[in-house]
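Counted the way mature numbering (1 follows the signal peptide of the UniProt record, and there is no 0) counts, the sequence shown spans residues -23 to -1, 1 to 239.
Don't be surprised by glycine CBs; every beta carbon is placed ideally from N, CA and C.
This one's a predicted model, so the numbers in the text were calculated from it and none came from an experiment.
Below is one structure; the comments refer to it alone.
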Amino acid sequence: MHVFPMRAFLVPLVLLICHLGEAKDIPSEDESSHLQTALHFDIKSELRDLRDMMVLQRAEFSRTMTELRDTKTQVEGLKTENSVMESRLMSSERQLEAMKTENAAVLSRVTSTESEVEKLQRENAERPKVAFSTSLGKTGHLGQFNTATTVVYKNIFTNTGGHYNQATGIFTAPVRGVYHFSFTMGDFLQSTVMGLSLFKNEQQIMHSGEVGDHQQFRNASNAVILQLEVGDVIFMQLPANYRIYDDSNHRNTFNGILLFPV
């Protein structure tokens, strides 16, 4: 803060004293001239001080205004930066919400998939397991017989569910469903007939065989898909006067599997 010089207060005081002096004693001409010179000097000095003070105040005001403008510019810059940061924050929040929504959808799909897997596992666990695979289980010829004979396959590769009867050679369907059956055969033909028939209950479904005097080993096979009811039976029959041959190569096989219940 600028302090005014003491002379600023002395001039009015001197004038007041002079005025009071006029009432008691009128100064001489020399004294009056000296007093006027002193007063003129003091006034000029005070004016110079006032001018200098105004110059300083203007300079200080100019600096203050410059600082205010700089501060305003900085504030505007901060506002702009804050606006950008707020925009980025809002964008990040929207992305986060989108990710939450997407994650929720993924979680829902995963949960749904897990439920489907569990359902399939339960269905698979509850679905009956039925399959068998056999071979004749002897070395040498089977046949020729005077009458048709049911072939009993003694060698068991697998009998899941136990629905193939090893003693009778007959498979019995445990459930209503669609089944696949296949069979193979072989024999050394010497003016003989090789062949087998697949039966469902008392109905012949198919027959495969070969006749001739080839003097060499011959093979044949066939397969079928059937829908069976509970209790239906499937078996292989060797027709009268036919024969087949088996050995360690398991040339004669009989196989079946449940594809699906219906």
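Just the C-alpha distance for residue i and residue j, rounded to the nearest angstrom, thanks.
| i | j | result |
| --- | --- | --- |
| S22 | L33 | 17 Å |
| R228 | T88 | 50 Å |
| G208 | A81 | 50 Å |
| I234 | M76 | 49 Å |
| L24 | M30 | 10 Å |
| N123 | Q181 | 19 Å |
| N226 | M183 | 24 Å |
| S92 | E179 | 45 Å |
For the beta strand (DSSP E) containing residue i, name the first residue and the last one.
| i | result |
| --- | --- |
| V188 | Q180 to G189 |
| H118 | G117 to G120 |
| V170 | T169 to K177 |
| G233 | T230 to P238 |
| I221 | R220 to D223 |
Leaving out five residues before and five after residue i in sequence, what residues of the same chain have Cβ atoms less than 8 Å from its Cβ?
| i | result |
| --- | --- |
| K1 | A caution first: K1 carries a pLDDT of 48, below 50, which makes its placement in the model too unreliable to give a value. |
| D223 | S112, L113, G114, K115, T116, G117, L119, G163 and N229 |
| G146 | T127, V128, V129, Y130, F212, M213 and F231 |
By DSSP's criteria, residue i is part of a beta bridge. Which residues make up the other side?
| i | result |
| --- | --- |
| R195 | D164 |
| F148 | Y141 and I211 |
| G54 | Paired residues: none, contrary to the question. |
Nearer than 7 Å: is that true of the beta carbon of residue i relative to any heavy atom of the ligand MG?
| i | result |
| --- | --- |
| S159 | Judged by which ligands are present, the structure shown has none, so any question about the ligand MG falls away. |
Between which residues of its own chain and residue i is the CB-CB distance below 7 Å, once the five residues before and five after are set aside?
| i | result |
| --- | --- |
| Q98 | none |
| K177 | L203, D209 and I211 |
| Y219 | G120, Q121, V170, M171, G172 and G186 |
Within the same chain, show all residues whose beta-carbon is closer than 6 Å to that of residue i, passing over the 5 residues directly before and after it, in chain order.
| i | result |
| --- | --- |
| P238 | V152 and G154 |
Per the contact definition of three or more C-beta pairs closer than 8 Å, is the region 181 to 201 in contact with the region 160 to 167? yes
Does the region 174 to 188 come into contact with the region 136 to 143, if we say contact requires no fewer than three beta-carbon pairs (one atom in each stretch) closer than 8 Å? no
When the Cβ atoms of the region 121 to 133 are set against those of the region 148 to 156, are three or more pairs found closer than 8 Å? no
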